[in-house]
Amino acid sequence: MNTQEPLGHWTSGFGIAAVVTIIFSTVLTCVQDIYPAAAHLLVLLGGHHWTGHGIVDVVLFGVVGTILANKGVHRDGSRLAAAVASAAIFGGSALAIWFLMV
Amino acid sequence: MADIILFAHPTFGVMAILAALWVFVDALNASALNQTRLRVAAGLVTFFMISAWFAGGYWYVVWFPPEKALILAGPWPFAHDLFMETKEHLFFVPLILSLYLPIAVANDIVRNQGARRLVLVVAGLIVLNGLAIEGAGAVVNHGAKLALAGAHAR
Chain A
19 MNTQEPLGHW TSGFGIAAVV TIIFSTVLTC VQDIYPAAAH LLVLLGGHHW TGHGIVDVVL
79 FGVVGTILAN KGVHRDGSRL AAAVASAAIF GGSALAIWFL MV
Chain B
5 MADIILFAHP TFGVMAILAA LWVFVDALNA SALNQTRLRV AAGLVTFFMI SAWFAGGYWY
65 VVWFPPEKAL ILAGPWPFAH DLFMETKEHL FFVPLILSLY LPIAVANDIV RNQGARRLVL
125 VVAGLIVLNG LAIEGAGAVV NHGAKLALAG AHAR
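Residue numbers (this note's numbering), protein chains in the order written: chain A, 19 to 120; chain B, 5 to 158.
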């Protein structure tokens, strides 16, 4: 029997964290291209801007996910799936358009 | 060593794509019988994607700069400016989704339709992003090849 009951707090929390991180990562890509200081901060963090970017993304995902999971958030699976898909489509499209323009 | 790392990173990427496709198909046919297999496959996605991240990252940071200069001076500078730049930053999307996939499959996706839909979307996005990144990698490779051919012809 299929149900639409809310997801557990870990799946909900980290699902929202994935959406937040994907959007943040896309924005960070553009910001570091516009502001060299931001790219320099990422270099200081990881030795290379790309390494620093990856570290920031993974840490953000882990921290936001843990906080939200511990707060006990519960979300509907279908809505969370739509949010994840929207964030990924936004991220991919925005990056391609950005690098076409710059 | 550089060649091993160069070939290892797309190989790990392909393995991650195949494992994600496996998750997708098993989630479509989710039953009490394939739950363990589905969770193993999701764990493999994470393992292979992290391996692709480390191998590709090491190659990109250590070995790519001279190749980048070569591509930019060659007939296909967009192989770097558009495809490599997009690929290297788009990679973080399937990376985050790969870290999330084992958490998503921990739900009861046999009974909960929403949970199953979430797993299908996450696994499907890893496959599609992975294929796009592999394709972009082929363009980068061809950009370097054309630049090398041009350099030899001169």
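The beta carbon of each residue, even a glycine, is placed where N, CA and C say it ideally should be.
Just so it is clear, the structure is predicted and the values come from calculations on it, not from any experiment.
Alpha carbon to alpha carbon, what distance is there between residue j and residue i?
i: B:Glu89; j: A:His92; result: 36 Å
i: A:Phe42; j: A:Asp75; result: 8 Å
i: A:Ile85; j: B:Leu76; result: 44 Å
i: A:Ser96; j: B:Val18; result: 28 Å
i: A:Met119; j: B:Phe82; result: 12 Å
i: B:Val44; j: B:Ala56; result: 18 Å
i: B:Lys149; j: B:Val143; result: 10 Å
i: B:Ser102; j: A:Gly90; result: 23 Å
i: A:Thr44; j: A:Gly72; result: 12 Å
i: A:His67; j: B:Gly147; result: 23 Å
Kindly identify the DSSP beta-bridge partner or partners of residue i.
i: A:Thr21; result: B:Asn116
Please report the Cβ distance between residue i and residue j, rounded to the nearest whole angstrom; I am assuming they are in contact, meaning their Cβ atoms lie under 8 Å.
i: B:Ile54; j: B:Phe95; result: Not confirmed; about 12 Å, so no contact.
i: B:Val97; j: A:Gly109; result: 5 Å
i: B:Lys91; j: B:Gly141; result: 6 Å
i: B:Val131; j: B:Leu25; result: 5 Å
i: A:Thr29; j: B:Ala23; result: At roughly 19 Å, the Cβ-Cβ gap does not stay under 8 Å, so A:Thr29 and B:Ala23 are not in contact.
Taking Cβ to Cβ, would you say residue i is nearer than 9 Å to residue j?
i: B:Phe87; j: B:Gly60; result: no
i: B:Asn116; j: A:Gln50; result: no
i: A:Phe79; j: A:Ala36; result: yes
i: B:Val27; j: B:Val123; result: yes
i: B:Tyr104; j: A:Phe32; result: yes
i: B:Trp63; j: B:Leu99; result: no
i: B:Leu135; j: B:Gly78; result: no
i: A:Val102; j: B:Val126; result: yes
i: A:Ala106; j: A:Ile52; result: no
i: B:Ala20; j: B:Phe52; result: yes
Can you tell which of the options has the C-alpha that lies nearest to the C-alpha of residue i?
i: B:Gln39; options: B:Tyr62, B:Leu135, B:Phe58 and B:Arg120; result: B:Arg120
i: B:Asn111; options: B:Ala46, B:His156 and B:His13; result: B:Ala46
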